[in-house]
Amino acid sequence: MTQVNEAGRKPWLRRRDRRARRGLPLLLLTALLLVGGGIAATVALPTPLAMRIIGSKTVHDAHVWRAEVIELLDGGAATFEAGRLSAREHERLSQITALSDIYRYKLFTNQGTIFWSTRPSDIGRSTVEDYFRTVVMQGGDYFGTGTAYAGASEAAAGHGGLRQIAEIYVPVFEGGVVVGAIEFYSDITELRQLIIGQIRLGLGVLTASGMAMLIALAALMQKSSRAEVALLRQRAADERALRDTQVTLSREVSLMAELSSWLQSCRSLDELYGMIARVMPLLLPGTRGSLYVYSNSRDVLDGVASWNGSQHHEHIRPDDCWALRRGHPYVYGANEISFRCDHDGGGDSREADEDSPAFCLPVLAHGETLGLLHAHPLAEATEAQFRETRQKAQLCAEHLSMALANVRMRDALHDRAIRDPLTGLYNRRHLGEVLRSQTERARRTGTALSLLSLDVDHFKRFNDTHGHDAGDIVLRHVGAAMEAATDGDEAACRPGGEEFVMVLPGASLEEAAARAETLRQEIGGLAVRYADRTLPRISVSIGVAALPEHGTTPSELLRAADVALYAAKRAGRDRVVCAGDDEVGAEEPQAGPALAALPAAE
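At position 252 of the sequence shown (counting the first as 1) the number is 252 in the UniProt record's numbering, and the numbers step up by one without a gap.
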């Protein structure tokens, strides 16, 4: 009976073996095709996909750079029509490459002539590229790539080998008409490598998923009964794990790209910090932590953002953190010898737990430490999850560093564009903007607005007697006194020379006159020393005008204040005179720097 059963089973076994032998070559062929296709895709696809992503990002960044360049030009976009720059504009433009990730750029007229470049030898040349006329001058953007050896640019300095360079043309518009263009060069070597690596990782996961499926199928053909069922279940689990890994990877790459785009669009540091606090729980869901940024004095780090219930300190010192002291990331609890940072333990009860691991990551940009990223695992997070989170946190820190550097650079450039370099007060350009906005608001809301026009008495004679250096010191002291006398929306400006203007929103004529008298007395009481001697007493004459009594437009207010100022000078100087007083004559003063800040149409 046993022999019959064995004989009866043999044909079935032979048929299954034949099916298995026929199926194995097909599986092997499929595996070879899958592996070959995966390798081919890994080699061929990442570079073009990466360049499309980089092209989109770089053109977006170029639009931001274009706005920053135009903001630095006194004439704005109209400068491209004239094709000429002042020495001060040359100096501003030359600072952009040191504060951004572009290393060279050129300014073109609409005829294709270069009228400014970071490389002076290019100035005066004309472009011969067809796409300049057919694309850029038609209002379109142009993106191209090339290579340069290390040392050819500041971006490549210190990195050996050939560098990948992006070349971007963006048109400049004035009144809807293309008046010129800007060509930017940016080193994209590291960004290109990063994106290609992420794409290859995704393709590798897909290939591995397909191989796992083939292996599982082969195993099913070689196993039977319960072993086949077990392998089938294992294959399903592997597929789910790979699918989850792929979805997670895709989500993280998408979040990182979206984060970078949003962070680069922030207009201020406060907006940037708020965005970081909202997005970090999505990027690092298994952690709670804080971000610290160096103060301007660089003696402390300010707590600027926290997430998932963590509470940051208002300030910490650099010596409080092992990562900052040692110059590289630090993980507490990863080794047998570990010491907790002094700044750790004040956020909440769990952070004070000695058994709770933590990591600190320096935030670096352009070789400079900008801040610190500090995090703890949430209670439900496993050790493996926290270890994976540290790797993602390092990538987050890199994105945050570039955003911090760019926003700081924009703030610094904007501040330089609106500040007088000698006194630190607002310059003539910003005075015009402030006056326009404040007069519009005063007319709209019906609130008061007053203006002080101030001039240092006998300043030319003072310069001739004591020298221009002493005169500069006097102007700085007068500017400091005016800055200390302003608050809130009030603005102290130096349009030029020894002339100053103070804009006082909400102040009536009587209040402005009282403020002017207090300021005159404070300036008169200054003891200014130069070259080991005390300079003669400073006196100022001040004219006061108010809206709507003396005008409803910026130019009318300035002219009324200047008329009152000249009346104060005629009456003996060192005094305050209000527009409309008896000693104010009808004659108009010569237009000074303040009036020149306003358009002739007003």
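Even for Gly, the Cβ is constructed at its ideal location relative to N, Cα and C.
Use the C-beta contact count for residue i: other C-beta atoms within 10 angstroms, 16 or more gives buried, fewer gives exposed.
i: G432; result: buried
i: N296; result: exposed
i: T127; result: buried
i: N427; result: buried
i: N110; result: buried
i: I199; result: buried
i: Y149; result: exposed
i: Q438; result: buried
i: A513; result: buried
i: G479; result: buried
i: E440; result: exposed
i: E498; result: buried
i: S310; result: buried
i: L454; result: buried
i: H376; result: buried
If we ignore side chains and look at the alpha-carbon of each, how far apart do residue i and residue j end up?
i: V69; j: T465; result: 41 Å
i: F143; j: A166; result: 7 Å
i: H63; j: E183; result: 11 Å
i: A212; j: G197; result: 22 Å
i: I276; j: T189; result: 27 Å
i: M280; j: C321; result: 21 Å
i: D342; j: T369; result: 19 Å
i: H90; j: D319; result: 41 Å
i: A156; j: K460; result: Legend: pLDDT at A156 = 47, less than 50; position of this residue unreliable, value from coordinates given subsequently. Looking at the two C-alpha atoms, the distance is approximately 50 Å.
i: E380; j: A358; result: 15 Å
i: residue 626; j: L283; result: A query on residue 626 cannot be resolved here, the shown segment of the chain reaching from 1 to 602 and no further.
i: P163; j: D187; result: Here residue 163 turns out to be Arg, not Pro, going by the sequence shown. Straight-line Cα distance between these residues: approximately 7 Å.
i: G327; j: G83; result: 47 Å
i: W307; j: R288; result: 6 Å
i: A77; j: T113; result: 16 Å
i: A208; j: A50; result: 21 Å
i: T552; j: V434; result: 14 Å
i: E239; j: G204; result: 14 Å
i: W262; j: G424; result: 32 Å
i: L557; j: D457; result: 22 Å
i: A323; j: M409; result: 25 Å
i: S555; j: D420; result: 21 Å
Can you name the start and end residues of the alpha helix (DSSP H) that residue i belongs to?
i: A305; result: Where A305 is concerned, there is no enclosing alpha helix (DSSP H), although the beta strand (DSSP E) it sits in stretches over 301 to 307.
i: P48; result: 46 to 72
i: H399; result: 383 to 418
i: residue 605; result: Not covered by the structure: residue 605. The range shown for the chain is 1 to 602.
i: A323; result: 322 to 326
i: P554; result: 554 to 570
i: D464; result: 459 to 466
i: F132; result: 130 to 134
i: G274; result: 269 to 283
Enumerate in chain order the residues of its own chain whose CB-to-CB distance from residue i is below 7 Å, with the five nearest sequence positions on each side excluded.
i: G506; result: T447, A448
i: A484; result: none
i: Q521; result: none
Just to confirm my understanding: we take residue i, look at its own chain, exclude 5 residues before and 5 after, and list those with CB closer than 6 Å. What are they?
i: Q385; result: G286
i: E154; result: Model confidence at E154 stands at a pLDDT of 48, short of 50, so the residue's coordinates are unreliable and nothing is read from them.
i: E517; result: V576
i: A442; result: L449, L547
i: A334; result: none
i: L526; result: H477, I538
i: C266; result: L272, V407
i: A481; result: E522, I523
i: R125; result: I114
i: M330; result: The displayed chain sequence assigns Tyr, not Met, to residue 330. Within the same chain, Y330 has close Cβ partners W322, A323, C360.
Please go through the same chain and pick out, in chain order, the residues whose beta-carbon is closer than 8 Å to the beta-carbon of residue i, but skip the five residues on each side of it.
i: E549; result: L509, A579, G580
i: G303; result: S290, L291, Y292, H312, H313, E314, H315, I316
What whole-angstrom Cβ distance do residue i and residue j have, given they're in contact under 8 Å?
i: A403; j: L201; result: At roughly 24 Å, the Cβ-Cβ gap does not stay under 8 Å, so A403 and L201 are not in contact.
i: V528; j: L535; result: 5 Å
i: A397; j: L373; result: 5 Å
i: A393; j: L364; result: The Cβ separation is near 14 Å, so there is no contact.
i: A561; j: V544; result: 7 Å
i: E71; j: A417; result: 6 Å
i: V136; j: Y169; result: 5 Å
i: C493; j: H414; result: Not quite, the Cβ-Cβ distance comes to about 16 Å (not below 8 Å), so this is no contact.
i: D61; j: Q264; result: 7 Å
i: Y332; j: R340; result: 5 Å
i: S541; j: R573; result: 5 Å
i: E81; j: V178; result: Going by Cβ atoms, the distance from E81 to V178 rounds to 11 Å, so no, they are not a contact pair.
Between which two residues does the beta strand (DSSP E) harbouring residue i extend?
i: Q521; result: Q521 -> not in any beta strand (DSSP E); alpha helix (DSSP H) instead, spanning 509 to 524.
i: P505; result: 499 to 505
i: G371; result: 368 to 377
Is the closest heavy atom of the ligand ZN to the C-beta of residue i under 7 Å?
i: G467; result: With respect to the ligand ZN, the structure shown offers nothing to examine, as it has no ligands at all.
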